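In the UniProt record's numbering, the protein residues as written are 1 to 424. Cβ atoms here follow ideal geometry from the backbone N, Cα and C, with glycine treated the same way. Quick caveat, the model's predicted, so the values are computed rather than measured. First comes the structure, then the notes that go with it.
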Amino acid sequence: MFSPQSLIPFLQAHSAKAYLLAFSGGLDSHVLLHACSQLRAEWPDLNLRAIHIEHGLQAISAQWVQHCQTVCAALNIPLQVEYLNLTITAGQSLEAVAREARYAAFAKHLQAGEMLLTAHHQNDQAETLLLYVMRGSGVDGLAAMPMIRPFAQGHLARPLLPFTRADLQQYAAHYQLAYIDDPSNADNRFERNFIRNQVMPLLKQRWVSSETTLARVAALQAENRELLQLLVAEKLPLVQGTKPHTLSVKALLTQPLALRKALIRLWLQQLGWQAPEAKQLNSILQDILEAKPDALPCMRIGAYELRRYRDDLYALAPLSPHDATQVLPWQDLQQALWIESLQQAVSPCVLKCWLPLIQQTQACVTVQFRQGGEQVSIAYRGGKRSLKHLLQDAAIPPWQRDRLPCVYIDKRLVAIIGLLELAP
Numbered sequence: 001m002f003s004p005q006s007l008i009p010f011l012q013a014h015s016a017k018a019y020l021l022a023f024s025g026g027l028d029s030h031v032l033l034h035a036c037s038q039l040r041a042e043w044p045d046l047n048l049r050a051i052h053i054e055h056g057l058q059a060i061s062a063q064w065v066q067h068c069q070t071v072c073a074a075l076n077i078p079l080q081v082e083y084l085n086l087t088i089t090a091g092q093s094l095e096a097v098a099r100e101a102r103y104a105a106f107a108k109h110l111q112a113g114e115m116l117l118t119a120h121h122q123n124d125q126a127e128t129l130l131l132y133v134m135r136g137s138g139v140d141g142l143a144a145m146p147m148i149r150p151f152a153q154g155h156l157a158r159p160l161l162p163f164t165r166a167d168l169q170q171y172a173a174h175y176q177l178a179y180i181d182d183p184s185n186a187d188n189r190f191e192r193n194f195i196r197n198q199v200m201p202l203l204k205q206r207w208v209s210s211e212t213t214l215a216r217v218a219a220l221q222a223e224n225r226e227l228l229q230l231l232v233a234e235k236l237p238l239v240q241g242t243k244p245h246t247l248s249v250k251a252l253l254t255q256p257l258a259l260r261k262a263l264i265r266l267w268l269q270q271l272g273w274q275a276p277e278a279k280q281l282n283s284i285l286q287d288i289l290e291a292k293p294d295a296l297p298c299m300r301i302g303a304y305e306l307r308r309y310r311d312d313l314y315a316l317a318p319l320s321p322h323d324a325t326q327v328l329p330w331q332d333l334q335q336a337l338w339i340e341s342l343q344q345a346v347s348p349c350v351l352k353c354w355l356p357l358i359q360q361t362q363a364c365v366t367v368q369f370r371q372g373g374e375q376v377s378i379a380y381r382g383g384k385r386s387l388k389h390l391l392q393d394a395a396i397p398p399w400q401r402d403r404l405p406c407v408y409i410d411k412r413l414v415a416i417i418g419l420l421e422l423a424p
């Protein structure tokens, strides 16, 4: 049976400076909100606020906002309402778009050190596991939803995972909680609703404790995932590339196939990118790792790109639009020069030893970008070298070469940011 005191072990084990509760107004989140509010008698310093996401998908959603405001006011809990304007394009899932926008809103409002509380329970965990089974997921998917994980500036936690929907219904009946019943939950065109309304009742006819059993499977897979990540993390330093945050293609190809895949997934996760799906991962192995050494393969996966140059495998945000022909005058040499297209500032420190010459000759200082054919005078090299060869020697990837700011005094190239600074 669920009670407010049921939350105490979790809150003691995972304390935070404040808690932001995702409050839809439905059964699950109302129970969590009410239970947390009851704990303030024992924990007067429990810093709790709520957020309601208005997706704008239901004609009566304005009434839901009002309901949530009324409930939070009665419990003396501050409520933030976030209004979404969803755009669904052809081929996109409404479920996926709404979920992505919802969590983006949560991330926007979560403050540093705060913990986002969601009301997912044991039945949700069972449904999530079945969803991932039908998508052919590996151990990451079969581990379903973790109890707690890093999120935005804080953490995301699901303290109701040990409890069933029946436990929450019993609590709501005991306290006579009025909650929203979203009519879209009956629409079996949505995958999760189909599992909840059609599949789970059928399973429970044969196996009464199906949701508990499936949740236990997810917990076991979570343990396996943790063990696998620990073992793979020990191997990751062995396949590091020559550049920061890269992997060595040659080193990867010496590893067994299963370990090769696990290393790439963990590397991407550590960089903050979404792990690729099985089909995408196979394409990475074939089209990037097996590409010819002089090839420059590029593969877009969600919000990032995988690129290869020589032996290094890169995972990067897509390149922003950039005009390499632009010439930026640097007028105030005491201030950094901002390059809008690169979202990068060039520090005036690069001009420190050149300032006397600039002031004496009234020279013009500009920042430009590589066009081809540039020559660099390097005293210790005994003459001039082409900028092209300097970039090649430094193993600068081709896609970065016309994005390196080049500082000129009149027509003389005196610095290449991130690569070379010359003296007078």
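Check                                                                                                                                                                   : Outcome
Report all residues from its chain with a CB closer than 7 angstroms to the CB of Leu289; omit the five preceding and five following residues, and keep chain order.    : Val249, Leu252, Leu253
May I ask you to verify whether the segment 300-309 touches the segment 272-290, counting CB pairs closer than 8 angstroms and requiring at least 3?                    : yes
Under 8 angstroms between the Cβ atoms of Leu319 and Leu328?                                                                                                            : no
Put His34 into one of helix, strand or coil per three-state DSSP.                                                                                                       : helix
In whole angstroms, what is the alpha-carbon distance linking Pro44 and Thr89?                                                                                          : 47 angstroms
Taking the alpha helix (DSSP H) that Val139 belongs to, which residues open and close that run?                                                                         : 139-142
Please give me, in chain order, every unbroken run of the alpha helix (DSSP H) with length at least 4 that falls completely inside the segment 187-248.                 : 191-194, 200-206, 210-235
So Gly241 and Asp312 are supposed to be a Cβ contact under 8 angstroms. How far apart are they, rounded?                                                                : 4 angstroms
Starting from the Cα of Gly372, find the closest Cα among Trp267, Gln38, Thr325, Asn197 and give me that residue.                                                       : Thr325
Kindly identify the DSSP beta-bridge partner or partners of Gln344.                                                                                                     : Ile339
Apply the 10 Å Cβ neighbour rule to Pro424 and answer buried if 16 or more other Cβ atoms are within range, or exposed otherwise.                                       : exposed
Could you spell out the range, first to last residue, of the beta strand (DSSP E) harbouring Phe151?                                                                    : 148-151
Among the candidates Phe10, Ile51, Lys17, Pro4, whose CA atom is the shortest distance from the CA of Val31?                                                            : Pro4
Glu100: buried (16+ other C-beta within 10 angstroms of its C-beta) or exposed?                                                                                         : exposed
For Lys261, count neighbouring Cβ atoms within 10 angstroms of its own Cβ and tell me buried if that reaches 16, exposed if not.                                        : buried
Go through its chain and collect everything with a Cβ distance to His120's Cβ below 7 angstroms, but skip five positions before and after it.                           : Met145, Arg158, Leu160, Leu161
Short of 8 angstroms in beta carbon distance, which residues of its chain neighbour Ala363, apart from the five on each side in sequence? Order them along the chain.   : Leu357, Ile409, Asp410
Looking only at its chain, what residues have a beta carbon closer than 6 angstroms to the beta carbon of Gly25, apart from the 5 residues adjacent to it on each side? : Trp64, His67, Cys68, Ile180
Closer than 7 angstroms by C-beta to Gly418: which residues in its own chain qualify, once you throw out the five before and the five after it? Chain order, please.    : Leu404
Quick check on DSSP: helix, strand or coil for Glu127?                                                                                                                  : helix
Check the C-beta distance from Tyr304 over to Trp273 and give it rounded, since I have them as a contact under 8 angstroms.                                             : 5 angstroms
Which of helix, strand or coil does DSSP assign to Ser386?                                                                                                              : strand
CB His52 to CB Val81, shorter than 8 angstroms?                                                                                                                         : yes
Roughly how many angstroms lie between the CA atoms of Leu263 and Gln12, to the nearest whole one?                                                                      : 35 angstroms
Starting from the Cα of Gln153, find the closest Cα among Ala218, Leu247, Leu116 and give me that residue.                                                              : Leu116
Buried or exposed: Tyr83, going by 16 or more other Cβ atoms within 10 Å of its Cβ?                                                                                     : exposed
Can you check whether the CB of Ala186 is closer than 8 angstroms to the CB of Arg126?                                                                                  : Before going on, a small fix: residue 126 reads as Ala here, not Arg. Cβ atoms of Ala126 and Ala186: not closer than 8 angstroms.
Where do the ends of the alpha helix (DSSP H) carrying Arg308 lie?                                                                                                      : It is not in any alpha helix (DSSP H) - Arg308 instead sits in the beta strand (DSSP E) that spans 304-309.
Let me make sure I understand the geometry here. Which of Leu129, Gly141, Phe163, Ala18 has the alpha-carbon closest to that of Leu110?                                 : Ala18
Indicate, with yes or no, if the ligand SAH has a heavy atom lying under 7 angstroms from the CB of Leu285.                                                             : The ligand SAH is absent from the structure shown, which contains no ligand whatsoever.
Checking 8 angstroms against the spacing of the C-beta atoms, do Leu27 and Ala172 come in under that value?                                                             : yes
For the alpha helix (DSSP H) that contains Arg260, what are its first and last residues?                                                                                : 257-270
Provide the residue(s) that pair with Gln80 in DSSP beta bridges, ordered along the chain.                                                                              : Ile51
Alpha carbon to alpha carbon, how far is Asp323 from Leu296?                                                                                                            : 21 angstroms
What is the rounded straight-line gap between the Cα of Leu271 and the Cα of Ala166?                                                                                    : 40 angstroms
How many angstroms separate the CA atom of Val199 from the CA atom of Phe190?                                                                                           : 13 angstroms
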